[in-house]
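Peer 1:
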Amino acid sequence: MSPTENTTDALLTARGLRKSFGDNEVLRGIDLTLHRGEVVVLIGPSGSGKTTVLRALNGLETPDAGTIVVAGGPDLDFAPSAKPSPREQKRKRLALRDRSAMVFQHHNLFPHLTVLENVIEGPWRVQGRPKAEVVAEALVLLDRVGLSDKADARPHQLSGGQQQRVGIVRALALKPDLLLFDEPTSALDPELVGEVLLVIKELADENWTMAVVTHELSFAREAADHVLFMDGGVVVEQGPPAELFRAPKHERTQRFLTRIL
Ligand code: ADP
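Okay, so the sequence shown: first residue is -17 according to this note's numbering, each after it adds one.
#1: If we count the other Cβ atoms within 10 Å of its Cβ and call it buried at 16 or more, is V217 buried or exposed?
#2: Do G41 and I12 have their C-beta atoms closer together than 9 angstroms?
#3: Say yes only if the C-beta of M250 is nearer than 8 angstroms to one or more non-hydrogen atoms of the ligand ADP, and no if none qualify.
#4: In terms of alpha-carbon separation, which member of N90, L(-6), S168 lies closest to L199?
#5: Does DSSP classify F3 as helix, strand or coil?
#6: Helix, strand or coil for V217? Go by DSSP, reduced to three states.
#7: Say whether the region 28 to 38 touches the region 155 to 171, bearing in mind that this needs 3 or more beta-carbon pairs closer than 8 angstroms, one atom from each stretch.
#8: What do you reckon, are the CB atoms on L39 and L(-6) nearer than 9 angstroms?
#9: Report yes if the C-beta distance between L170 and V178 is below 9 angstroms; otherwise report no.
#10: Kindly identify the DSSP beta-bridge partner or partners of R(-3).
#11: Where does the unbroken beta strand (DSSP E) through L162 begin, and where does it stop?
#12: How would you write the range of the beta strand (DSSP E) that L24 sits in, first residue to last?
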């Protein structure tokens, strides 16, 4: 079933998202639904707008037009005619940021903090939760990804794959409803990609709701419930990975897949 057809168990629904940077129209009306427990993978050529979609869902970019609804939250309208005040824009950004956590291409860990301090920074200082509780949870999460012995290390003492696993733990520690991954393995040496994808696959198996931008098509094939192929700021084609990879309907999808496979 297409995620645009059934919104009953939708955790997040985005409709008609548009975004320009100057004259560059990067998103030209994106519709996207993330059902609870669903893994949606966004693929497409560089510059097609995939990262901008994730950043809009996370409140890091404000769309010029469209609507985003996260279950239980307000409808966030980004009407082209309305001129929202900075305060109003901030309210909308925070409404999204509170619900999701993003894992970036470069882990963005604070270099002067230990691994544990990096993980607790968000839940303790930003969310204001009790430190002892947050530390206990962080240690469990680090253990889960095989890094309990690195809690007191600084990021530069870790491999790229370990740093990215800390980045994932840092996102999980925020207890988000939705996980967003922006090319989480593309900055890694090839031999480190597998360990990070494995963690993401395990999260998928635990029914986390997630949107993943990646060029790792084998990951998309194995882990995605639904794949969106974007090109030129639109979703050209979408469907379950088995269908989309085996028999892409659109010529642009075929061309992209032939090039990348
Ligand atoms: P993708 O993730 O598919 O590679 P992006 O969403 O990163 O695509 O970028 C789409 C287009 O938007 C690119 O042309 C990029 O240069 C442009 N872009 C993205 N962010 C900004 C920004 N903050 N300012 C100006 N242009 C941007």
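Where a beta carbon is used, it is the ideal one built from N, C-alpha and C, also for glycine.
Peer 2: The short version:
#1: Here residue 217 is taken as the residue at index 235 of the sequence shown, counted from 1. By the neighbour-count criterion, in which 16 or more other beta carbons inside 10 Å mark a residue as buried, V217 falls on the buried side.
#2: Your numbering for residue 41 matches position 59 in the sequence shown. Your numbering for residue 12 matches position 30 in the sequence shown. Contact: no.
#3: Since the first residue of the chain shown is -17 and the last is 243, residue 250 is not available in this structure.
#4: Residue mapping note: residue 199 aligns to position 217 of the sequence shown, counting from 1. Scanning N90, L(-6), S168 for the CA closest to the CA of L199 turns up S168.
#5: In the sequence shown, the residue the question calls residue 3 occupies position 21. Looking at F3 - three-state DSSP - the assignment turns out to be strand.
#6: Walking along the sequence shown from the start, residue 217 turns up at place 235. Reduced to three states, the DSSP call for V217 is strand.
#7: Flag = yes, the region 28 to 38 and the region 155 to 171 touch.
#8: For the purposes of this step, residue 39 is taken as the residue at position 57 of the sequence shown. For the purposes of this step, residue -6 is taken as the residue at position 12 of the sequence shown. Taking 9 angstroms as the Cβ cut-off, L39 and L(-6) qualify as a contacting pair.
#9: Residue mapping note: residue 170 aligns to position 188 of the sequence shown, counting from 1. Residue mapping note: residue 178 aligns to position 196 of the sequence shown, counting from 1. It is a contact, given that the beta carbons lie within the stated cut-off.
#10: Numbered from 1 along the sequence shown, position 15 holds the residue referred to as residue -3. Partner(s): T49.
#11: As a first step, residue 162 must be located in the sequence shown, where it is residue number 180. Here the beta strand (DSSP E) through L162 covers 160 to 164.
#12: As a position in the sequence shown, residue 24 is number 42, starting the count at 1. 21 to 25 is the extent of the beta strand (DSSP E) around L24.
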